[in-house]
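Protein chains in written order, with the working numbering: chain X, 15 to 129; chain Y, 447 to 557.
Below, the structure is given as structure tokens:
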């Protein structure tokens, strides 16, 4: 049963602390997306990778956010230092680029609360 | 400014009613996708439409891609409580398969 796995599912942290979210994409998928979802802004694209190379991270606040793919089985999203406004659900999705489009398969998300 | 605007934002209907959700943009998309998200879960892909004017059916759901590939609609016939959820359209207008999502339509179907 192939699925995208995200850890942790929930994270509560204090303002100023570093937060690391992890994602294991579906085996064989060559594209990884990071999204943030809030009631106010909806589902925002933060960054995405193809074949482990970052293609676009214009949706991320560069001063505090960073996204990497150390290998094909792991994608990470770090926030340092975290702020209360970062509280949201962060989703990772993976897909296989094929033809003219990529279909995204989502993990269950990491619910982050920064107090 | 959102690239993909959905309407309505909220929809509350009774079981058995029909409904249509719209996804509009001023940009041309190479494809559009529809997802449904339930509380506590990530979005799940329902369909991908690629050709202008294309119509796809998935049981009681009918998806259409506009002729100019700038808009799409989702029609649900005889809605059921199990259809309740957040419906999201998504697409790429860059040619690099950068998948951006619409503003979402929250549907509640009451028995």
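Ideal placement from N, C-alpha and C gives every residue a C-beta, glycine not left out.
| Query | Result |
| --- | --- |
| In angstroms with no decimal places, state the Cα-to-Cα distance between residue 16 of chain X and residue 34 of chain X. | 23 Å |
| Closest by CA to residue 8 of chain X, which one among X:69, X:57, X:63, X:118? | The structure shown does not extend to residue 8 of chain X, since chain X is modelled only from 15 to 129, so the question has no answer here. |
| Give the DSSP bridge partners of residue 24 of chain X, in chain order. | X:125 |
| Quick one: what's got a C-beta closer than 6 Å to residue 74 of chain X's C-beta in the same chain, skipping five residues either side? | 60, 61 |
| Classify residue 76 of chain X: buried if its beta carbon has 16 or more other beta carbons within 10 angstroms, exposed otherwise. | exposed |
| Of all Cβ atoms in chain Y, is any one closer than 7 Å to the Cβ of residue 121 of chain X? | yes |
| DSSP has residue 68 of chain X in a bridge; who is on the other side? | X:63 |
| Our contact map puts residue 47 of chain X next to residue 118 of chain X with C-beta atoms below 8 Å; I'd like the distance itself, whole angstroms only. | 6 Å |
| Would you say the segment 463 to 474 of chain Y touches the segment 546 to 555 of chain Y, given that touching needs at least three Cβ pairs under 8 Å? | yes |
| Between the beta-carbon of residue 532 of chain Y and the beta-carbon of residue 548 of chain Y, is there less than 7 Å? | no |
| With a CB to CB cut of under 8 Å and the five nearest residues on each side skipped, what residues in its chain are close to residue 516 of chain Y? | 470, 471, 472, 473, 474, 475 |
| Indicate the three-state DSSP secondary structure (helix, strand or coil) for residue 550 of chain Y in the structure shown. | coil |
| Inspect the beta-carbon positions of residue 70 of chain X and residue 502 of chain Y and report whether they are closer than 7 Å. | no |
| Taking C-beta pairs closer than 8 Å, name the residues in chain Y that residue 47 of chain X reaches, listed in chain order. | 545 |
| In whole angstroms, give me the CA-to-CA distance for residue 79 of chain X and residue 524 of chain Y. | 45 Å |
| Can a CB atom of chain Y be found closer than 7 Å to the CB of residue 114 of chain X? | yes |
| Go ahead and pull the three-state DSSP assignment for residue 99 of chain X. | helix |
| Specify the secondary structure class of residue 528 of chain Y as computed by DSSP and reduced to three states. | helix |
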